[in-house]
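Enquirer: Residue numbers (the working numbering): 368 to 895. Glycine residues also receive a C-beta, built at the ideal position from the N, C-alpha and C atoms.
#1: Below 7 Å CB to CB, which residues in the same chain sit around residue 797 once its five sequence neighbours on both sides are set aside?
#2: Which residue wins for smallest C-alpha separation from residue 482, given the options 528, 439 and 466?
#3: Given a cut-off of 7 Å on the beta-carbon distance, is the pair residue 324 and residue 715 in contact?
#4: Tell me which same chain residues have a C-beta within less than 6 Å of the C-beta of residue 818, skipping the five on either side of it?
#5: Assuming contact is defined by CB atoms lying nearer than 7 Å, are residue 811 and residue 765 in contact in what I supplied?
#6: If I follow the unbroken beta strand (DSSP E) through residue 839, where does it start and stop?
#7: With residue 603 as the anchor, note down where its alpha helix (DSSP H) starts and where it stops.
#8: Does residue 574 pass the burial test, meaning 16 or more other C-beta atoms within 10 Å, or should it be called exposed?
#9: For residue 569, is the classification buried or exposed, using 16 other Cβ atoms within 10 angstroms of its Cβ as the cut-off for buried?
#10: Using the Cβ count rule (16 or more neighbours within 10 Å means buried), how would you classify residue 625?
#11: How about the stretch 419–427 and the stretch 438–458: do they share at least three Cβ pairs that are nearer than 8 Å?
#12: Roughly how many angstroms lie between the CA atoms of residue 386 and residue 376, to the nearest whole one?
#13: Apply the 10 Å Cβ neighbour rule to residue 369 and answer buried if 16 or more other Cβ atoms are within range, or exposed otherwise.
#14: Give the DSSP-derived three-state secondary structure of residue 850 in the structure shown.
#15: For residue 506, which residues in the same chain have their Cβ closer than 8 Å to its Cβ, ignoring the five residues on either side in sequence?
#16: From residue 378 to residue 487, what distance separates their C-alpha atoms?
#17: Just the C-alpha distance for residue 621 and residue 473, rounded to the nearest angstrom, thanks.
#18: By Cβ distance, which residues of its chain are closer than 8 Å to residue 495, with the 5 residues on each side in sequence left out?
#19: Please state whether the Cβ-Cβ distance between residue 877 and residue 864 is less than 7 Å.
#20: Alpha carbon to alpha carbon, how far is residue 590 from residue 596? Give it in angstroms, no decimals.
#21: Starting from residue 620 and walking both ways along the beta strand (DSSP E), at which residues does that stretch end?
#22: Between the C-alpha atoms of residue 470 and residue 566, what's the straight-line distance to the nearest angstrom?
#23: Which ranges does the alpha helix (DSSP H) cover as unbroken runs of at least 4 residues, wholly within the stretch 634–713, from first to last along the chain?
#24: Do you know offhand how far residue 785's Cα is from residue 655's?
#25: Would you check if the stretch 637–645 and the stretch 660–673 touch, i.e. whether three or more CB-CB distances between them fall below 8 Å?
#26: Taking buried to mean at least 16 other C-beta atoms within 10 Å of its own C-beta, is residue 390 buried or exposed?
#27: Count the other C-beta atoms from every protein chain shown that fall within 10 angstroms of the C-beta of residue 833, then say buried if there are 16 or more, exposed otherwise.
#28: What is the DSSP secondary structure of residue 445, reduced to helix, strand or coil?
#29: Determine the direct distance from the alpha carbon of residue 609 to that of residue 587, and round the result to whole angstroms.
#30: Given that a residue counts as buried once 16 or more other Cβ atoms are within 10 Å of its Cβ, and exposed if not, what is residue 887?
#31: Would residue 823 be called buried (16 or more neighbouring beta carbons within 10 Å of its own) or exposed?
#32: Could you compute how far the alpha carbon of residue 594 sits from the alpha carbon of residue 562?
#33: According to DSSP, is residue 789 part of a helix, a strand, or is it coil?
#34: Does the separation of the CB atoms of residue 578 and residue 491 fall below 7 Å?
#35: Tell me the rounded alpha-carbon separation between residue 438 and residue 576.
#36: Report all residues from its chain with a CB closer than 6 Å to the CB of residue 875; omit the five preceding and five following residues, and keep chain order.
As structure tokens, then:
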């Protein structure tokens with residue numbers, strides 16, 4: 368069975384045939400001459416067809432395409448006699464031309480070289496003309512005109528056959544070249560140490576190379592045909608990435624564009640992209656994107672920037688430390704003396720108490736800044752993780768009393784223990800819980816889940832803390848762990864920045880999740 372279906376005959380082939388008729392001088396008189404001479408030549412056709420195929424059989428290269436032996440040749444002879452009968456039938460309409468065009472296509476399909484067709488047709492024509500000359504009994508001028516009409520008829524048939532042959536041959540050559548190019552391309556990109564992705568116009572994935580599979584954790588079969596943006600891009604970055612893709616389709620290449628990519632294990636990788644438009648991929652425009660994994664470089668740059676900030680803060684705090692401590696001590700001593708002087712004066716003592724609370728708050732803010740700037744020192748001991756977060760939850764009793772917020776747990780291993788700084792990690796959980804309680808409505812719910820995950824860094828215990836509040840706005844998600852960032856009317860905005868430093872000092876990760884509702888913080892800690 369043929370691998371290539373019979374193609375649609377070009378819509379303009381009949382117009383081209385008529386143009387060729389005019390070019391060779393084919394007239395209605397030629398139609399009449401050919402039609403009138405048909406009875407005279409009819410009984411010659413079997414002998415001429417036998418000679419035609421004898422010529423084919425004498426050529427080994429031509430015979431390679433005839434695989435059915437004598438039976439096939441018998442069928443082909445019958446087809447050729449019918450074809451000659453149609454040629455002398457006088458009806459040269461669109462159906463006639465389509466049949467000739469398909470003959471040319473069939474020659475390509477079976478692998479018959481056009482040169483053999485040309486020679487065999489020439490032999491067939493000469494045989495007809497010689498037979499006609501031997502049987503002609505009329506005027507010699509009319510014989511000459513009829514012979515010319517037959518020659519023009521054969522020239523026209525051969526032109527259409529050759530047109531189809533060349534068109535189909537060129538198409539297949541281009542297809543073969545495209546296949547060779549695609550094979551070379553695949554060999555190149557499948558060995559590349561870079562992410563290589565091809566996107567269609569609707570942003571669905573058309574190609575996903577092995578390195579992309581390895582880095583993302585997704586098999587190519589699982590992502591082919593899926594919309595790239597929602598599958599791999601965090602929501603805050605989706606609009607920007609979509610705009611970049613559209614610009615590339617419009618003809619503007621992307622150079623050194625950075626964004627984060629979501630992996631199958633919910634981790635993020637930083638990727639540096641170069642992308643350009645492909646005008647013809649599978650017959651349509653596409654975007655070829657090549658990405659370099661710059662995750663480690665980006666983390667190193669972030670750590671260096673963080674170190675610079677901490678150094679600057681540390682220097683400032685160190686310069687203020689001595690004078691600030693003395694000022695706090697003097698203020699505290701004066702308040703205590705004033706309290707003694709005002710004993711029994713309830714209204715005035717309340718003012719002193721308010722000053723004391725403000726001073727205590729200022730002192731806590733000062734200590735928080737100092738702690739943020741100071742190096743993290745881990746005092747390790749064996750800790751049971753579930754007990755640690757439950758104690759942190761118990762310390763938030765005052766904060767949640769008015770809202771009656773409930774803690775719901777779904778824990779894989781309640782007895783999991785590891786070496787950690789009990790106070791420091793407890794501070795992380797307490798900070799997350801307090802933020803969650805602030806965000807929750809009355810009778811809110813804070814959910815804690817834990818499970819073991821396998822990452823490139825090794826086996827980790829993952830703790831997810833999620834509230835049912837309004838969530839974190841898209842425009843502020845990227846700043847949650849930045850120092851001094853806060854959405855509250857009070858506080859330094861250092862809580863989550865310190866929390867991340869503590870978890871990273873334990874060799875873990877603290878990230879913001881992407882739930883459908885509320886806010887979610889994910890803590891990952893090494894199991895070892």
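Expert: Quick look at the numbers:
#1: Sequence index remark: in the chain shown, residue 797 carries index 430 (1-based). 759, 762 and 763, listed in sequence order.
#2: Taking the chain shown and counting its residues from 1, one reaches residue 482 at position 115. Minimum Cα distance to residue 482 is reached at 528.
#3: Limits of the chain in this structure are 368 at one end and 895 at the other, which puts residue 324 out of reach.
#4: In the chain shown, residue 818 corresponds to position 451, counting from 1. Only 779 and 829 meet the Cβ criterion.
#5: In the chain shown, residue 811 corresponds to position 444, counting from 1. In the chain shown, residue 765 corresponds to position 398, counting from 1. Not in contact: residue 811 and residue 765 (Cβ atoms no closer than 7 Å).
#6: Indexing the chain shown from 1 puts residue 839 at position 472. Careful: residue 839 lies outside any beta strand (DSSP E) and carries neither H nor E.
#7: Taking the first residue of the chain shown as 1, we reach residue 603 at position 236. For residue 603, the enclosing alpha helix (DSSP H) covers residues 602–616.
#8: Indexing the chain shown from 1 puts residue 574 at position 207. In this structure residue 574 is buried. Its beta-carbon is surrounded by 16 or more other beta-carbon atoms within 10 angstroms.
#9: Here residue 569 corresponds to residue number 202 of the chain shown, with the count starting at 1. It is exposed - the Cβ of residue 569 has fewer than 16 other Cβ atoms within 10 Å.
#10: In the chain shown, residue 625 corresponds to position 258, counting from 1. It is exposed - the Cβ of residue 625 has fewer than 16 other Cβ atoms within 10 Å.
#11: The stretch 419–427 vs the stretch 438–458: in contact.
#12: Stepping through the chain shown from its first residue, residue 386 is reached at position 19. Stepping through the chain shown from its first residue, residue 376 is reached at position 9. In this structure, the CA atom of residue 386 is about 17 Å from the CA atom of residue 376.
#13: By 1-based counting over the chain shown, the position of residue 369 is 2. Because residue 369 sits at a pLDDT of 42, beneath the cut-off of 50, its placement in the model cannot be relied upon, and the following sentence gives the value as read from the coordinates. Around the CB of residue 369, fewer than 16 other CB atoms lie within 10 Å, so the residue is classed as exposed.
#14: Against the chain shown, residue 850 aligns to sequence position 483. DSSP places residue 850 in coil when its eight states are reduced to three.
#15: Reading the chain shown from its first residue, position 139 is the one you call residue 506. Within the same chain, no residue comes within 8 Å of residue 506 by CB-CB distance, once the 5 residues on both sides are set aside.
#16: Here residue 378 refers to the residue found at position 11 of the chain shown. Here residue 487 refers to the residue found at position 120 of the chain shown. About 28 Å.
#17: By 1-based counting over the chain shown, the position of residue 621 is 254. By 1-based counting over the chain shown, the position of residue 473 is 106. As the crow flies, the alpha-carbon of residue 621 is around 46 Å from that of residue 473.
#18: Taking the first residue of the chain shown as position 1, residue 495 is located at position 128. Counting only Cβ-Cβ distances below 8 Å, and skipping sequence neighbours, we find 408, 411, 415 and 517.
#19: For the purposes of this step, residue 877 is identified with residue 510 of the chain shown, where counting begins at 1. For the purposes of this step, residue 864 is identified with residue 497 of the chain shown, where counting begins at 1. Going by C-beta atoms, residue 877 is not nearer than 7 Å to residue 864.
#20: The sequence position of residue 596 within the chain shown is 229, counting from 1. The sequence position of residue 590 within the chain shown is 223, counting from 1. Those two C-alpha atoms are separated by around 11 Å.
#21: Walking along the chain shown from the start, residue 620 turns up at place 253. Counting along the chain, residue 620 falls outside any beta strand (DSSP E), and DSSP gives it neither H nor E.
#22: For the purposes of this step, residue 470 is identified with residue 103 of the chain shown, where counting begins at 1. For the purposes of this step, residue 566 is identified with residue 199 of the chain shown, where counting begins at 1. Looking at the two C-alpha atoms, the distance is approximately 40 Å.
#23: Uninterrupted alpha helix (DSSP H) stretches at least 4 residues long and entirely within the stretch 634–713 occur at 662–708, given in chain order.
#24: For the purposes of this step, residue 785 is taken as the residue at position 418 of the chain shown. For the purposes of this step, residue 655 is taken as the residue at position 288 of the chain shown. Spanning the two alpha carbons is a distance of roughly 46 Å.
#25: Touching, yes, given that three or more Cβ pairs across the two stretches are closer than 8 Å.
#26: Reading the chain shown from its first residue, position 23 is the one you call residue 390. Classification of residue 390: exposed, given that the 10 Å Cβ count is below 16.
#27: Numbered from its first residue, the chain shown carries residue 833 at position 466. With 16 or more Cβ atoms within 10 Å of its Cβ, residue 833 is classed as buried.
#28: Reading the chain shown from its first residue, position 78 is the one you call residue 445. Residue 445: helix per DSSP, three-state reduction.
#29: For this step, residue 587 is matched to residue 220 along the chain shown. For this step, residue 609 is matched to residue 242 along the chain shown. Pairing residue 587 with residue 609, the inter-Cα distance amounts to about 21 Å.
#30: Residue numbering aside, residue 887 sits at position 520 when the chain shown is read from its first letter. Classification of residue 887: buried, given that the 10 Å Cβ count is 16 or more.
#31: Indexing the chain shown from 1 puts residue 823 at position 456. Exposed.
#32: Mapped onto the chain shown, residue 594 falls at position 227. Mapped onto the chain shown, residue 562 falls at position 195. Computed Cα separation, rounded: 17 Å.
#33: Counting from one through the chain shown, the residue named residue 789 turns up at place 422. Residue 789: helix per DSSP, three-state reduction.
#34: Here residue 578 refers to the residue found at position 211 when the chain shown is read from its first residue. Here residue 491 refers to the residue found at position 124 when the chain shown is read from its first residue. No, these two residues do not count as a Cβ contact at 7 Å.
#35: For the purposes of this step, residue 438 is taken as residue 71 along the chain shown, with counting starting at 1. For the purposes of this step, residue 576 is taken as residue 209 along the chain shown, with counting starting at 1. Their Cα atoms are separated by approximately 50 Å.
#36: Start at 1 with the first residue of the chain shown, and residue 875 comes out as number 508. Residues of the same chain with a CB within less than 6 Å of the CB of residue 875, apart from the 5 flanking positions on each side, are 891 and 892 in chain order.
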